Structures are given as structure tokens and as C-alpha cells.
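Reading through the C-alpha cells given below for one structure.
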């Protein structure tokens, strides 16, 4: 493609100069700047400034025109001919893959592809279903806004690379939003080794969480003066509504007699000191007929012995437990 001929450029320049002359009363009316005598101009500096402004305006208009042309070309691509619902479904599967890999801000990049992608993502509440503790505060606000009334998952894995500072205002702001919206949480999945995160999570679980179905907390080892030592954190579980999954490692509950532990499908407890009593575990099993996975490992407490538990306090149907859906059972390092 060849550039426009010189006479075409001069003609366009003449039109531009005529417009400057008409709007600003400038004597500049020549078709070719080579014939302009600067001495005939009353205010050459002002005229030059006006021409620069006109030039900037032309460049902006041309850039906008190019952008519109490219947008129309992009709209002709096959992916833009997909119905919005199918496109969002594709993004939804992509989101599942990125969530597994810990890349939870993928939407920020996807929204910059073009206007169609941005509108599709913003108007798809099911894509905005995960909140992570190291999200920028403004992005966290977008998650709570764009998810509408859908339930949310709160996740954090201290083993993943992150710039999270538990003492920062950003972390406090994200946790504050989570507490304000605790009734919308469906799952909490936290792997931590910061005491500040532990305290914040204890406060969060002390708030009403009626929609909470899955609770997974893993507290990693902390370095003590004598080497590695297991530190068991204890968390409240307030509100109503039964859980479906309870997975705790190096963490415990304040109250093991909660009605929310009735109806579990997964019970996985590891490295808990002191562990729930045998009576408490049996009670949980007896009220969870749909239990599919049962795992106990390294529970340190003399009261945990499953073979010699007291039947005192058990109801008439709790001595013989039927678990027809149980397919996975694992017992390891359980006191005799």
C-alpha cells in the first residue's frame, strides 16, 4: 500500500488551515506552508500552537477510526459469533483450570482482550465465584459486586507464591469484605502459616455462615526453638446449616458437638491435638448416613481411642452405625 500523493496531502492541509483561519481569525490561508511568510503573521507562535492542537485532534480521530475498524474485524472472528451463553461456558471451564493452578486473576487479562470479552465476563456472575486473600482490594470489591447473589468460595494457599502481607491494609480490607459477606460463603479453603491469617479466620468463622458447605483448614508447621513443632489452631463454627465436607489438618474446632456436623459426606482429620473424643466422632458418624470418605490420622489425645469409647450419652440408634455410601476409609496413628 502506497502513501497518499503530495497534492492530496496539500489539499487536506489547505482545508485544515482554512478551518483554523475561520475559527481563530488567523491570516494563514495558504495551501502550501512553503509559501507562507512568517512576517505576514501577526502571532506566529499562536498560529503554530493552534496547528499543533489541530494536528493532535486529527491523530486522535484517526486512532479512533483504526480502533473501530479493528473492532469490526475482530467481531467477524468465529468466537464472536458464538452465543453469549456458550462463550461464558467456555470461560467457566477455563476458570476451573486456572483456579486449580492458583492463577485466580486471569479475568483481569481476559477483560482487556476486547469489549465483547469484557462485557461477557462482567455480566457472568458464575465467573466471579472465588475470592482469594491476596487479591487487590479493588478487584475483591469487583468479585463481590459482579457475582450478584451467587455463593462464594474463600481460598488461600500459603504454599503458593504470593505477595500477601497479613499486616497490610489490603489484607484487612479483603478480610473485612469477607466478614461483611460471610452469609454468601459456600466454601472456605485455607492453607496458612501466618498467625495473623489464623486470627482473621477465627473472626470470620465466628460470623454467620448459613450457606457454608465445605470447610478445609490446614495449618502448616511453625518453627520453634526446639525445631519443628505441631501447633493446633482452634476455630469456631457458628450459625446453622449442615456442612458436607470437613477437612482439618493441624487445626481443630472449638465445639465438636455442633449440629452443623450432621450430614457430612467427607470427614478428614489429621494432626489434631487435642483431638475430638471418640464419643464425639461416633456421634458425627451416626448422624452422617451419606458419608463417603472417612479419614483419621495422627490424632493425639488419650480420649480418641475408638475401641474403648464410652456409650454414655449416645442415643439408642448410635451404637450401631450404618454407612452404606462409605467408599474411602483411612485410619492411621490412632491411639489404641
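Residue numbers (this note's numbering): 2 to 337.
We treat Cβ as the ideally placed atom computed from N, Cα and C, and that holds for glycine.
A quick note: this is a predicted structure, and the numbers were derived from the prediction, not measured.
#1: Could you give the C-beta distance for residue 188 and residue 214, rounded to a whole number, given that I count them as a contact under 8 Å?
#2: For residue 56, which option in 128, 68, 16 has the closest C-alpha, if you only look at C-alpha atoms?
#3: Nearest to residue 1 by CA position, among 246, 285, 160, is which residue?
#4: Below 8 Å, can you find three or more Cβ-Cβ pairs linking the region 170 to 179 to the region 235 to 247?
#5: With DSSP run on the structure shown, which of helix, strand or coil describes residue 252?
#6: Using the Cα positions of residue 321 and residue 269, report the straight-line distance between them to the nearest angstrom.
#7: Am I right that residue 245 and residue 212 are in contact with their C-beta atoms under 8 Å? What's the rounded C-beta distance?
#8: Which of the three DSSP states is assigned to residue 311 in this structure?
#9: Excluding the 5 residues flanking residue 157 on each side, which residues of the same chain have their C-beta closer than 8 Å to its C-beta?
#10: Confirm, please, whether the CB-CB distance from residue 92 to residue 155 is below 9 Å.
#11: In the DSSP assignment, find the unbroken alpha helix (DSSP H) run with residue 122 in it and report its ends.
#12: So for residue 229, helix, strand or coil by DSSP?
#13: Does the distance from the C-beta atom of residue 295 to that of residue 272 stay below 9 Å?
#14: Where DSSP assigns a beta bridge to residue 294, which residues make up the other side?
#15: If we call anything under 9 Å between Cβ atoms a contact, is residue 298 one with residue 332?
#16: Who does residue 193 pair with in a DSSP beta bridge?
#17: Determine the contact status of residue 262 and residue 290, defining contact as a CB-CB distance below 9 Å.
With the structure as the only source:
#1: What you label residue 188 is simply residue 187 of the chain shown in a count that begins at 1. What you label residue 214 is simply residue 213 of the chain shown in a count that begins at 1. 6 Å between Cβ atoms; contact.
#2: Residue 56 sits at position 55 when you count from the first residue of the chain shown. Cα-wise, what sits closest to residue 56 is 16.
#3: Outside the displayed range of the chain (2 to 337) lies residue 1, so it cannot be described from this structure.
#4: no
#5: Numbered from its first residue, the chain shown carries residue 252 at position 251. Of the three classes helix, strand and coil, the one that applies to residue 252 here is strand, per DSSP.
#6: Position 320 of the chain shown holds residue 321. Position 268 of the chain shown holds residue 269. C-alpha separation (whole angstroms): 21 Å.
#7: Looking up residue 245 in the chain shown gives position 244. Looking up residue 212 in the chain shown gives position 211. The Cβ separation is near 11 Å, so there is no contact.
#8: Your numbering for residue 311 matches position 310 in the chain shown. Bear in mind that the predicted position of residue 311 carries a pLDDT of just 48, short of 50, making it unreliable; the figure below should be weighed with that in mind. Correct three-state label for residue 311: coil.
#9: Looking up residue 157 in the chain shown gives position 156. Cβ neighbours of residue 157 beyond the five flanking positions: 133, 134, 135, 165, 190, 191, 192, 193, 198.
#10: By one-based count along the chain shown, residue 155 stands at place 154. By one-based count along the chain shown, residue 92 stands at place 91. No, the Cβ-Cβ distance between residue 155 and residue 92 is not below 9 Å.
#11: Along the chain shown, one-based indexing puts residue 122 at 121. Run containing residue 122: 116 to 123, per the alpha helix (DSSP H) assignment.
#12: Taking the chain shown and counting its residues from 1, the one referred to as residue 229 is at position 228. Because the pLDDT of residue 229 is 45, which lies under 50, any placement of that residue in the model is unreliable, and the number read from its coordinates should be weighed accordingly. It is a strand residue.
#13: Start at 1 with the first residue of the chain shown, and residue 295 comes out as number 294. Start at 1 with the first residue of the chain shown, and residue 272 comes out as number 271. Their beta carbons are not under 9 Å apart, which means residue 295 does not touch residue 272 by this criterion.
#14: Residue 294 sits at position 293 when you count from the first residue of the chain shown. Note: residue 294 sits in a beta bridge opposite 267, 329.
#15: Reading the chain shown from its first residue, position 297 is the one you call residue 298. Reading the chain shown from its first residue, position 331 is the one you call residue 332. Yes, the Cβ-Cβ distance between residue 298 and residue 332 is below 9 Å.
#16: Position 192 of the chain shown, counting from 1, holds the residue named residue 193. Per DSSP, 220.
#17: Within the chain shown, residue 262 is the residue found at index 261, counting from 1. Within the chain shown, residue 290 is the residue found at index 289, counting from 1. No, these two residues do not count as a Cβ contact at 9 Å.
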